[in-house]
Each structure stands twice: as structure tokens, then as C-alpha cells.
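4 protein chains.
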Amino acid sequence: MSAPSRLKELRDQIDPINLQILELLNKRATIAREIGQVLQQVGTRFYDPQREAEMLTALQMANEGPFSNEAINKIFSEIFHATLNLEERDARQTILVQRKQPDQHTIIEFRNGLRLGNDSFEIIAGPCAVESYEQMDRVGAVLAERGVKMIRGMGYKPRTSPYDFQGMGEEGLKIARQVANKYGLAVISEVLDMSLIPMMDEYVDAFWVGARNMQNSFLLRALGKQSKPVLLKRGFGATLKEFIYAAEYIMASGNQQVILMERGIRTFSEWTRNTLDISAVPLLKQETHLPIIVDISHSAGRRDIANPLGRVARVSGADGLMVEVHPNPDVAMSDAKQQLNLEQFNQLMDDIESVSDRYQQPAE
Amino acid sequence: MSAPSRLKELRDQIDPINLQILELLNKRATIAREIGQVLQQVGTRFYDPQREAEMLTALQMANEGPFSNEAINKIFSEIFHATLNLEERDARQTILVQRKQPDQHTIIEFRNGLRLGNDSFEIIAGPCAVESYEQMDRVGAVLAERGVKMIRGMGYKPRTSPYDFQGMGEEGLKIARQVANKYGLAVISEVLDMSLIPMMDEYVDAFWVGARNMQNSFLLRALGKQSKPVLLKRGFGATLKEFIYAAEYIMASGNQQVILMERGIRTFSEWTRNTLDISAVPLLKQETHLPIIVDISHSAGRRDIANPLGRVARVSGADGLMVEVHPNPDVAMSDAKQQLNLEQFNQLMDDIESVSDRYQQPAE
Amino acid sequence: MSAPSRLKELRDQIDPINLQILELLNKRATIAREIGQVLQQVGTRFYDPQREAEMLTALQMANEGPFSNEAINKIFSEIFHATLNLEERDARQTILVQRKQPDQHTIIEFRNGLRLGNDSFEIIAGPCAVESYEQMDRVGAVLAERGVKMIRGMGYKPRTSPYDFQGMGEEGLKIARQVANKYGLAVISEVLDMSLIPMMDEYVDAFWVGARNMQNSFLLRALGKQSKPVLLKRGFGATLKEFIYAAEYIMASGNQQVILMERGIRTFSEWTRNTLDISAVPLLKQETHLPIIVDISHSAGRRDIANPLGRVARVSGADGLMVEVHPNPDVAMSDAKQQLNLEQFNQLMDDIESVSDRYQQPAE
Amino acid sequence: MSAPSRLKELRDQIDPINLQILELLNKRATIAREIGQVLQQVGTRFYDPQREAEMLTALQMANEGPFSNEAINKIFSEIFHATLNLEERDARQTILVQRKQPDQHTIIEFRNGLRLGNDSFEIIAGPCAVESYEQMDRVGAVLAERGVKMIRGMGYKPRTSPYDFQGMGEEGLKIARQVANKYGLAVISEVLDMSLIPMMDEYVDAFWVGARNMQNSFLLRALGKQSKPVLLKRGFGATLKEFIYAAEYIMASGNQQVILMERGIRTFSEWTRNTLDISAVPLLKQETHLPIIVDISHSAGRRDIANPLGRVARVSGADGLMVEVHPNPDVAMSDAKQQLNLEQFNQLMDDIESVSDRYQQPAE
């Protein structure tokens, strides 16, 4: 028999076995659930390592292969875990962040009319950090002129060294709010610790979780209890699975308005600060129903390739891009090398529009 | 003139030029150093590729040979590199974490007599998470028997998914404290958010900052105001420079008792969970005066190479190692694949002692 | 004085010192060159490690800092190296691969009218490996219909395991040539060893150097002596600098027709086979004058995101893209998961054209 | 019924279900194993995410609970994973490089008495490249004095740039042979292309395949037809699986005398040239029966941590280490920063012996 035919024959044998295993697993789960109920009645903890160890021993003694005892251990440990979490998981069916139907899209709306996750392609821009009213005002004016609807209003900057400029704090947020109000912009601002949320809530339209905090579960859960949208940046060392589950922390706590941001990962490549993982955009679009933004500033760490990266983001399937803009980047307090000046920002917008005037996001 | 004579004549012309170049290089370095100090004041990074590019362009335009522009580029790149090193060394001289003299070593002492950073090689061990009194008691008994003085007492577990087991919380800490008291052990426990510090302070002898929180500056600063030691794990995507500066956040806030832990970095390599960066140990020893611990569990993510990694840690210059031990790893709530059972732990200890009975840390 | 003013003042002091060093270096080089001529007359090797060691010792004894002796050693070692290579380098001025003027573009022409490096965006397509005449014929017909002008005609496949399918060899090349002739296509094919060049030269229009051979200097130099174009793939572990210098090996040996291909680098990211480094495209465009092609198949290793990656490549500034197409990918002998079927290929072409009909490459 | 009785009753129902699941799992594994054999015949990879996705979809559609689809996904993913391991283990059982019994060890003997793969720990040392007779003679004398039995005799150097020093060629090999004969050393030398093998065979005792050539299948196969041992370096971007299969290319062509060398992989880490992957040593020891050498020079790219890395290599389970030694590293033609001078080499040997005099390789 030819290899492909034999392959098909064998695979056809696998499928019914899968279903038999499925049936037994659910039969087992039904009984285990009742065990759980009994245990709860008598006030005992459901988790009983001794009982699990006995079951594993019995299975290992009965195991005749070809699976090794180690393999059997691993599979049954997974079954035990799943059983343990059954009640909790019943309620969810599957994780919230996951796209359930092809046309499921979370659209996030702001008071000033900005909509993310829509068919449009939106720009988030502004300086790395708020440094002065004048600085923000000059940027705000240009953003408004170009139809941009969200400004970075960063009062707190996470820095590698404790001696580097850490932001103007609440003073910076006030400035950002003033300028945003003047030009009809929404303000987004990074929150470094959950203790800052109440104060920041007075100034911002959306919270920003930086790469260093992507897995700060206390912060994520606290933001999950807020009513304002949360933009979550991928950690530079985070897999996409970890990224998705970090978003799940927020959503599982009650806040469904989550925006994902791809910002480059850490690799051996030397000519950019990070390596923009553009493939992450279509993959995240497939897996989740959340808006995706591409950060073209921190990924490259250099402004001279902002235009091609802007065009790339435009057609990648993303819902927008984020770019750092500063009236005078050379004297910026942080990230001097990657911020665009106002003229460069206008050129970037022209370049993106040379694509976007004509290009419509695909339905995929 | 004969060739040898001419050769000598020419060589005699080279020597004073060498010295003139030397003089100019050092004159240049003196000015560059002052530039570095100004940059440090305003919190900017020293490395400025744009400025370097401008200088190279100026040099190339002025270059009339015989050196090619490429040769001039290479020589001046080396000069820039040396200058950068000089500025960075200057900057680091001012940071607290930096070793100032070869024999500067921070030694951290605990109430139960444990000393880290000493000439001895210490073991930190225990289960991934506290699951029950019985579990901790069985581990504690074995640790005490082998002369181990610090137990993991993890009440809070950071997990990728919000639906995974997140630890027993304060109840777990109580158990850890009880068991530690029974066997004369110190307890170390991971702190996930600064809000937990006051409660945890009642149970633990040292705080543990996980890889996901390595750059959580609010947590680091809060721990910098505590009187108990802090163990700081390297983030799986963090450079050594970032790691050192994270420690600096703690020390700059007042707590000098910081322990560093190397735990593997994220790479393309597939057969281990992370890649243990063993070179980090001697490098951190050179750069800092802090105790270094090697985590042989999370770096590998598999228990079958625990023994060789234990031996490797022993002679690497590290002050100790950390290993996960569980009475029955197959039914552990987390990290099942990498925890040793009690017998395997005893074998590991034997193996380390086969090296350590005879080997003395070098003075370097 | 303000920090920015002081910075400018100090930098203004650096510039003339740079020029003084430059002058001394060239004065030194002129003398060294004469020394080289004298040494050549007396038949002595130019390289004299003992003399260099003596000069370094003299410099170290004279060095009063702030540069360390180690830094001085490194800088002078670079000067010695540059001096040693002076004659050779004089002839070149700078490396051949480097773009000298903004409008310098290498355009590579093929007999069938295909031009790479032009303003157009070209597609290279075909199956991973030649498997049969029918397979190639079906692909060739579709390519011709869509205006594609170059087909993959892979007779030799580099594989991880020696037991995997290694290609049909010369037989495959014959098929590729036949099909190409039938449809007016150019054939490109991977050359695994320089010994294969003469035979392959009878069938192919361009040579392809795979990622595993990017630094095979013997192969690169041998291809540098050919008259046909060479497509050079970036190694999955190679920096852009290494990539550029690999191209230089070919050009320095005489063949100026080199095409660069970005194909993804190896990172920790798990949901794609490699991480497409899209930023490499504008960076290579800035640094070199060579055509750049984006491989959207091997970078992702999965076909479901081919369309967004195709659009991304289209606007990245690249001169074309490469995609694997197979009449029936599920039964392909290699790379089954990433090859498009003919219908998917048509959809990809439609999608690229939805951008490219309207979008013109920028002048940058 | 009382809770304890009911509990017992329910648990008694679980046990036979466990056994039924076990039986089905092994039935499934038996079929999957045959699928693996068919796939191996046609040279396809076992891992087929698309097939897995289809099976998961079928299971989810059939799933009626109480297990959630997510739970079923996790359990079956574990089953797929175990199955994949089974298939891969089956496949590896057939490859030559795989260790079949715990005590299977390839021991490679040289004419001068050197034995690699034995219980001893051997040193391979010498300069990066042969530069002169005097240079080699000085190194050879020190090696012989310290009982080292193999010298690097590198006539050909692979370099990033075509304009860098590429080695003295055959003249360098002659010098290496002369010096080796004088001191009773074996010579190992890098072969850059298979065309060089016959000439080199006259001078060397073993061939060295560099990291850039690890997947040069023509070179590997040609060396597989030689009678002398081959040392194979891991590519800096290569997984351990690729490394093992590269060795298989040599062995499958007939030469069983293969030595593996771990030399560091490319990561984001900046303070070392590469990241020494020390975990690779015990993993390669488990998987293969070949001798393993640790390269402590190229992995670090800096000589100041040579001693701790030497000690680490000593106890890692490796059969030896490789270190670059040069009489005057500062003026070396290549790799100046990482070569030890003769005094440093003696210190390294002392340091290794401080461990190795007392430490015996474990039986594992």
C-alpha cells in the first residue's frame, strides 16, 4: 500500500479512539465533580495529593506501553489538573480574549469619537514623556491638524536606571489633560503601579501597561476593575501565548476593553533596538478579537526607518500605530534617538496616507 | 642607504608619532569623560550613534589618505568604543551595586546563622509552591538533615494564566513559617506586589522578586525601604546591565542586602525551558559585590540534568544554588517537570558535595 | 552654564582633536607604507609581532590615562591592523556592497526581461523542491498567467537530517529548465557546494545561496567568478553586518550581480518558524545598493499569514518577495506547512495587487 | 448514605475509568507509532500542527462536557506531546549518533596516545591562527609542559569580511605539523571546503568543522569518508537537534569518530560574545555517545572569565575543553580579545586542576 493511503488508514483509526477517550474523560469528570461536591459538604480540601499519587502508582503498575510511565504520568497529571479546575472553568467555557467567530471584533470607543478596532487605522502619537506645557502644546496642535485623536501623556517613565529621568508625575498628567482638552484629543498614559490608578483616573482616557509590567498580575487585575480601556504592551521577552494570557488577566477581572500593542522582541540583531515582530499582528488578529496597535518607535529605536515601518504597519492588518513625536528630539529627556520631529511626523503621515487612502483592511 | 639603516630611521620616526597619538587620545578622553558627566546629569544614555556618524563623516571628508576611509572608520570606532567604556565605567563607579575594590563582598546574615556571600556555598530549596503542611514538613525535614538553611515558602505564585493555581496565599506563608521554625530554617517567599509587604513581613526572613517583576520599580523601591534581604531574579529577557540597575533601585532606596539570582534567559534553544547563562555568574561577581545564586530548576525546566548543573553552579564562583524539591513532583500544582523528589534531592546534594568537599572558592 | 550649552562647548573641543589624530594617523601610515616597501625589498614578512609588542609596551609605559592600558592596546592594535592592510585597502577605498550615493541602485536583468532592483515589485515563486514535471508544469502555468517571471527550480535541498529527501538533483534541474522555457520564466536554484556550479550553470539563470551557506566563503568566492546573478539568503543566526560582508565576498571576487534575501531570524517566539525581520529591508536599502527580496514562506513557516506578510513586503521598500507554491502542499516532500496551493497563491497575488496597483515605491 | 461511603463508592468508579483511558492511550500510541514510521519513510517531520488542530476541532465539536473545551484541549495537547515524543524517540533509536545503552561511549584515540571520550578531561589549545613558527613553537612548548596533547593548527580562518586575515594556508599547516612533531602533540585544523581535504590530510590528525559550516552537508559527507576524527562545532544559531543531525551526516557516510563542541549560542545578552549553553553538555551526553568538548574562548569572547568557565566545563560532564592561547594576544591577527597569554594559560590549568585532581566524572 502506498504511504499516503496507509497514512490515511491509520489516521482514520485514531479518530474514533480520540472520541472514546473524550467520552471517558467526561464520564470521569462527572464523577469527579460529584466527589468534589461531597468533599465540599464535609469541608475537606478538594485537592488530595495522596489520592492522586495512589492513582498514578496504580496506572504505572498497569501500564504495558508503548507509552512510558513518565508519559502516562504527564497525561494524567493534566487530567487531574483539569478536574481540579472544573467548576471554575465550566463558567467560562473558554478564555475571554479568544476570538469565537470570524467576525467578532471588540471596538473601543472614546468620548472624543475615536474608535479602535473599527475598519479605520488610527494613530497614537506624542512625546516619550511629558516635559513641559509648550512641548505638549506644539505636539497636540500638529496631531489635531493631522486628524490624530489620541496623545501620549506620559507622566511616569519606567527607566533602566533609578538615576534616569522618571517623568514629571501628576504635574505631567495635568499638562497632558489640558492640551488634550484644547485639541479634542484622548489621553493615554502609562500606569506603573496599581496604587496610582485612582489619581491617574482623573486625567486619562485610557491606561497604558508597559512591557516591563506585562505580567504584573496585581496591576492587571486592578485595571480589570476599571471602566476605562487598557492598552497592554507585549513584553520584549514574552511569547504571544503569554501576551494573550496577560490580556486575559484584565478581562477575567471584568474589563473587556483591552488593546494589544506589538513593540518588538529582544533578539541578537544589532542594528535595531528590538526586532519588530510584524507576524504577530496577523497571528493576534486570528487568535483574539481585540484591537492591535504597532509601536514603530520602540521596536526600531531609530527614526530613520519610521516611514517604511509605518507603511508596513498600515497594511499588516493592525488597527493603528503608535509613534513618538517630539518638537525637538535632540534635547528630549529620554528616547532621543527614536522620536520624530514635527516635520518628520508630517512626512510619516503623508507616507502612511499614500498607502491608506487607497487600501482597505481585508475582511480576514 | 642600506635597508636596515633606512628601516631603523623610519621606525624612529614612528615612535614619537605613536606618543603624540597617545597624548591626543588621552586629551580627547578627558573631555569625553566630562561630556559623560553632563549626560549623566540629564539622564541620557552615553551611546549616541548619530553623533558618532557625524564625526565619522567629518573625518572622512577631511581624510586625504593614505589610510582609506574604511581604515579611519575602524580606528575611530575603536576610539569611540573605548571612550564609551570609559564613560560607562565612570558612571558605574557611582552606583552602589558596583564592586569598588577586588575584596569588597556583601555578606548577608540571617537569624538562623545562614550567611550568604561568605566563602561557603549555600542551598536554597523547597517546593515550587506551598500546598499543605505535610508537604512542607516532609521537605523541611530533609533540608534540615542535609544542612540546608533556607526553604522556599511560596504563598503566591505568578502564573501565565489567570486560571492556574495562584498559591495558598497567607495560609501558605503560615505553614512555611511553622515548618521553618520547627527545623531552624530561614523562609524566603515571593512578593508579587508592594501592597503585600507588610503582611508578608510577619512570616518571611527574606523577600523574593520574581523574573516577571525584575523591573517593577515601585516594588523594588518599596523593598528598598525594608530591613530584610531581597533576592532579585534576573528577568528571562533582561541584559546583565538591566539586572544590575534593577538591584540598584533597591539599594538606592536604602536596603543594601540584595542577593542576585541567575535563572536562565530566553533563547531559540528548545531542549531546555531557558538557557542557563552560566557566564553571568563570574561577570556579576566582577561587576558587583553582591551574593549570586544559580537557579538550576527554572533555567533547565527539567530535572534530569539537575546534577551536572548543580556541580557547575558549585564551581562557577556563585555563592549558592536554588533547587525546587517536592515530596511528590508528579502531582505538584505547578512546575511538575522540574521539581526533584526527596531521593533525587539527596543525590544532588551528594553530587555537589563530591565537588564541594574539596573545592574552595577562588579569591578572584 | 546649562547642560546643553556645556555639552556643545565640550563637543566643539572634540572635533579638532579628531582631526589632529587623523592627521597623525595618516602621517604614520605614510611612513609605515615606506617601511613596508623596504621590508618587501629585503624579502621579509611585513608582519612583525615582536616590533608591535615593543611599541605597545612603550605606549603603556607612557600612558598616564584616563584611558586604561587595555583601551590603548585595543586602539593601537586597530591601527596596526589598518596599517598592515593598507596597500590592499587603498585599492578599494570602501567596500563594494556599500551604497555610495542615494540614487545608486544595482539593477539585475535576465534574458526573459525580468529586472530586479528596478521600481517594480517582482515575485519569485515555485515549490520548495522539484518533485516531478507535472508538479512544475502546473505551477509554471499559474506563474505565467499572473505575470511572475522567475520560478524556483530546486534540485538540491539542504535538510537537517541526512535521511530526509535531498532533492532530485540534476534531473530536477532539467525539469525546471524545460518548464521555464515553456512559460518564459527564469530559473533560480540553490547551489550547495562549489563543485556543483559548472553542471548547474547549464540549467539555471541565477544561483541561490541558502541560509546555511551564507558564510561558506569558498562557495561565495566561486560564485563571485560566475557571470550569472547570485541570490544570497541571510542566515537565520546572522547579523546584518555579517550578511553584508557575505555579499562582499561575492562582489570582491568579481560578480556585482548580488540579490539579498531577508528570511527571518531565530528567536524565542514560538508561533512562527522564524521571526521575519522586516526592519532589515529599509536598513539594507540604506546601507547597500543591491535588490532586496522578502521570503514570506520560511520566515513564517505557516501559510495562513501569507497574505498580510505579502502586503507588508510590498510596502516595505523591498524589490520583491519569494513565496513557495505547490499544486498540492499536503503531499509535498518538504515544507508542507508553508507552501501555498495554487488557489491560495492567486489570492495572495490579488491581495498584493490591491496594494501594489496603487502604491509606488518611495524614492528614499 | 454517609459522605465517606459515598466518596468511596465514587472513587471506586474512577479507578476502572482510569484504566480504560490508559488502555485507549496505549492503543492510540501504537497506531501513532506506526504513523511515525510511515512519515519517517517519506522524510516528513512528525509534528503536524494542522492535523492536531483538526483533531482538536473534532473533539471540541463532539465534547458535551462537563469538561470545557479548554480542558479537553489541554489534555489532548499533552497526549499529542507524549505521542510526538514517542515518535521522535523511535526515530532517534535508528540514528547512529544516539546513545543506545547508558554505558555506550565512543572513545577516540590518536597516535600520540590522546584519548577523547575516556574518563579523562583533555585540553585542546593553541592560537586562533598559525602566524609564525616562533609563535607556534612557544605555545607548543607550554602545552607539552602542561601535559596537553592536542594543538590548534589553524591554517585557514573563516572571517566575516573578505578583507580580514584569512590564515597562512598550507604554510601554516606545515608549521603546525613541525611543532606538533617536536612536542608529541596531535594537530587539529579547520577545513573550510571539501576540496581542501586531501592536502590537509597530509598535515593534520583531526579535522575541525567550524560553526559556519555545521550544516554544510557536502563537507560533512566528504569528511564522513575520511579515516581521521572530525570535531564538529555547534553553529551559533543551531538547535541541539540540528547539531545532532549534522553529526549524523558524518556518521551516516561512514566515519564514526565524531567529537562535538559546544561553543555558545547567539542571544540578546551583550557582555559576552555568545552565551555558553552549558546545559547542552549533559543533554548531549544523554542523547549521544560522542565525546563533548567545551569551547571557553569563542563562547565568552573575553579572557577575563576563562578560569571560572574552565572549572565549569571540568565538572559539566564534558570530555574536555578548548581554549585559545597566544604568546602575545594583543598583537594577534584575529580574536585578540579572547586569547590567553602563556601565563594566563598556566593559571587556567592550575585552576582546572584544583577541581580535576579530586573530581571524577560521574558514571551517568
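Protein chains in written order, with our numbering: chain U, 1 to 364; chain C, 365 to 728; chain L, 729 to 1092; chain D, 1093 to 1456. Cβ coordinates follow ideal geometry from the N, Cα and C atoms, glycine included.
Rounded to the nearest angstrom, what separates residue i and residue j at their Cα positions?
i	j	result
I175 of chain U	V130 of chain U	8 Å
D1282 of chain D	G1259 of chain D	Per the sequence shown, residue 1282 of chain D should be read as Glu rather than Asp. So the two alpha carbons sit approximately 11 Å from each other.
N791 of chain L	L386 of chain C	7 Å
L1011 of chain L	V139 of chain U	28 Å
Q1196 of chain D	K605 of chain C	43 Å
G601 of chain C	T1364 of chain D	15 Å
I993 of chain L	N449 of chain C	29 Å
S860 of chain L	R843 of chain L	28 Å
P380 of chain C	A760 of chain L	13 Å
A975 of chain L	M882 of chain L	21 Å
N18 of chain U	L1151 of chain D	7 Å
T288 of chain U	I244 of chain U	8 Å
Y884 of chain L	F1437 of chain D	45 Å
M194 of chain U	S525 of chain C	19 Å
E353 of chain U	F849 of chain L	20 Å
K877 of chain L	R6 of chain U	39 Å
E434 of chain C	Q943 of chain L	22 Å
S730 of chain L	E737 of chain L	11 Å
D1078 of chain L	A810 of chain L	53 Å
Verify the contact flag: residue i, CB atom, against every heavy atom of the ligand SAH, threshold strictly below 7 Å.
i	result
L223 of chain U	The ligand SAH is not part of this structure, which contains no ligands at all.
Counting C-beta neighbours from all protein chains within 10 Å, is the total for residue i 16 or more, i.e. buried, or is it exposed?
i	result
Q1193 of chain D	exposed
Q1430 of chain D	buried
S997 of chain L	buried
A417 of chain C	exposed
P368 of chain C	exposed
T421 of chain C	exposed
M1153 of chain D	exposed
E837 of chain L	exposed
E451 of chain C	buried
K706 of chain L	Only positions 729 to 1092 of chain L appear in the structure, and residue 706 of chain L is not among them; the question remains open.
A819 of chain L	Low confidence applies to A819 of chain L: its pLDDT is 37, below 50, so where it sits in the model is not reliable enough to give any reading.
Can you check DSSP and say which residues form a bridge with residue i?
i	result
T1367 of chain D	D:I1357
L480 of chain C	C:I472
R1350 of chain D	Note that residue 1350 of chain D is Val in the sequence shown here, rather than Arg. Answer is D:V1322.
E122 of chain U	U:G320
R879 of chain L	Going by the sequence as given, residue 879 of chain L is Ile instead of Arg. L:A853 and L:V915, per the DSSP bridge assignment.
Q462 of chain C	C:T652
Point to revise | alpha helix (DSSP H) runs wholly inside the segment 1378–1411 of chain D, at least 4 long, in chain order | key: As far as the segment 1378–1411 of chain D is concerned, its whole alpha helix (DSSP H) runs of at least 4 residues are 1398–1407.
Check your understanding: Is the segment 900–914 of chain L close to the segment 871–884 of chain L, with three or more CB pairs under 8 Å?
Key -> With three or more CB-CB distances shorter than 8 Å, the segment 900–914 of chain L counts as touching the segment 871–884 of chain L.
Check your understanding: Between the segment 1061–1079 of chain L and the segment 1009–1023 of chain L, are three or more C-beta pairs nearer than 8 Å?
Key -> No: the two stretches stay apart, fewer than three of their Cβ pairs being nearer than 8 Å.
Check your understanding: Mind pulling the alpha helix (DSSP H) runs of 4 or more residues that sit fully within the segment 690–724 of chain C?
Key -> Segments of the alpha helix (DSSP H) lying fully in the segment 690–724 of chain C: 706–720.
Check your understanding: Along the chain, which unbroken stretches of the beta strand (DSSP E) at least 3 residues long are found entirely within the segment 156–237 of chain U?
Key -> The segment 156–237 of chain U contains these whole beta strand (DSSP E) runs: 186–190, 206–209 and 230–233.
Exercise for review: Answer yes if the segment 216–228 of chain U comes into contact with the segment 255–265 of chain U, meaning at least three C-beta pairs across the two stretches below 8 Å, and no otherwise.
Suggested key: Here the segment 255–265 of chain U makes contact with the segment 216–228 of chain U; the two share three or more CB pairs at distances below 8 Å.
Practice item. Taking 8 Å as the threshold, find out whether the segment 671–689 of chain C comes into contact with the segment 479–492 of chain C through three or more Cβ pairs. Key: For the pair of segments examined, the segment 671–689 of chain C was found to touch the segment 479–492 of chain C: the number of CB pairs separated by less than 8 Å reaches three.
Check your understanding: On the three-pair Cβ rule with 8 Å, is the segment 938–951 of chain L touching the segment 1289–1296 of chain D?
Key -> By the criterion of at least three beta-carbon pairs nearer than 8 Å, the segment 938–951 of chain L is not in contact with the segment 1289–1296 of chain D.
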